[in-house]
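Since the structure comes first, as structure tokens, the remarks are kept for the end.
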Amino acid sequence: DSYCYEDNVNNCAKYGRLYPDSEYRSVCPDGWRVPNDSDFLALRLFSGFGYVMGHYMKSTSGWVVSDSVKEVYDGNGANVWGLNILPQGVYSDSLSYQNVYEYSGFRIDYGEKNYVFYVEAKKKNGRIGERDGYYFPVRCVKE
Numbered sequence: 019d020s021y022c023y024e025d026n027v028n029n030c031a032k033y034g035r036l037y038p039d040s041e042y043r044s045v046c047p048d049g050w051r052v053p054n055d056s057d058f059l060a061l062r063l064f065s066g067f068g069y070v071m072g073h074y075m076k077s078t079s080g081w082v083v084s085d086s087v088k089e090v091y092d093g094n095g096a097n098v099w100g101l102n103i104l105p106q107g108v109y110s111d112s113l114s115y116q117n118v119y120e121y122s123g124f125r126i127d128y129g130e131k132n133y134v135f136y137v138e139a140k141k142k143n144g145r146i147g148e149r150d151g152y153y154f155p156v157r158c159v160k161e
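19 is the number of the first residue of the sequence shown in this note's numbering; add one for each residue after it.
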């Protein structure tokens, strides 16, 4: 039940796969796991409570914003920690890709809730929120 942009093998290799709410907890290999709320809190504290967290995680190229915003902020990140989050967009239960080149994120295990840390081309900060019904990538943490 996972997807990659345009079901293209090259896009799968570059951007990875997007997983639904029901599947993301089972995709990490043995010895790895989906990041949890404690992992995320430690990262937020380290980065200054999220004000530039998204900028630190985003790749240095590929993020596209509309021309009116591009004058203020070009959308690319600094990839300070080597996470290199790429702008693959999201896939929705309505079976369509959205915000390709403008939006990305990854799953966080908060128990029963489907939380995602997400970043946008138009902003330097990162946000966390519930995103039921959307497919997102998974970043695994070594145990």
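Built from N, CA and C at the ideal position, the CB exists for glycine as well.
Would the stretch 139-156 count as touching the stretch 111-128 if we require 3 or more Cβ pairs under 8 angstroms? The stretch 139-156 vs the stretch 111-128: in contact.
I'd like to know if the stretch 68-79 and the stretch 49-59 are in contact, where contact means that at least 3 CB-CB pairs between them fall below 8 angstroms. no
Between which two residues does the alpha helix (DSSP H) harbouring Tyr164 extend? The requested residue 164 does not occur in the structure, where the chain is confined to residues 19 to 161.
What do you get for Gln116, buried or exposed, if any count of 16 or more other CB atoms within 10 angstroms of its CB means buried? Here residue 116 refers to the residue found at position 98 of the sequence shown. Answer is exposed; the Cβ neighbour count stays below 16.
Could you pull out every residue in the same chain whose Cβ sits closer than 7 angstroms to the Cβ of Lys141, ignoring the five residues on either side in sequence? If you number the sequence shown from 1, residue 141 lands on position 123. The answer, listed in chain order, is Gly72.
What is the DSSP secondary structure of Asp48, reduced to helix, strand or coil? For the purposes of this step, residue 48 is taken as residue 30 along the sequence shown, with counting starting at 1. Here Asp48 sits in coil by DSSP.
Go ahead and label Asp39 buried or exposed: buried means 16 or more other beta carbons lie within 10 angstroms of its beta carbon, across all protein chains shown. Here residue 39 refers to the residue found at position 21 of the sequence shown. Looking at its Cβ environment, which holds 16 or more other Cβ atoms inside 10 Å, Asp39 is buried.
Gly95 beta carbon less than 7 angstroms from that of Ser77: Start at 1 with the first residue of the sequence shown, and residue 77 comes out as number 59. Start at 1 with the first residue of the sequence shown, and residue 95 comes out as number 77. For Ser77 and Gly95, yes; Cβs fall inside 7 angstroms.
In its own chain, which residues sit with a C-beta less than 6 angstroms from the C-beta of Asp55, not counting the 5 before and 5 after it? By one-based count along the sequence shown, residue 55 stands at place 37. These residues qualify, in order along the chain: Tyr128.
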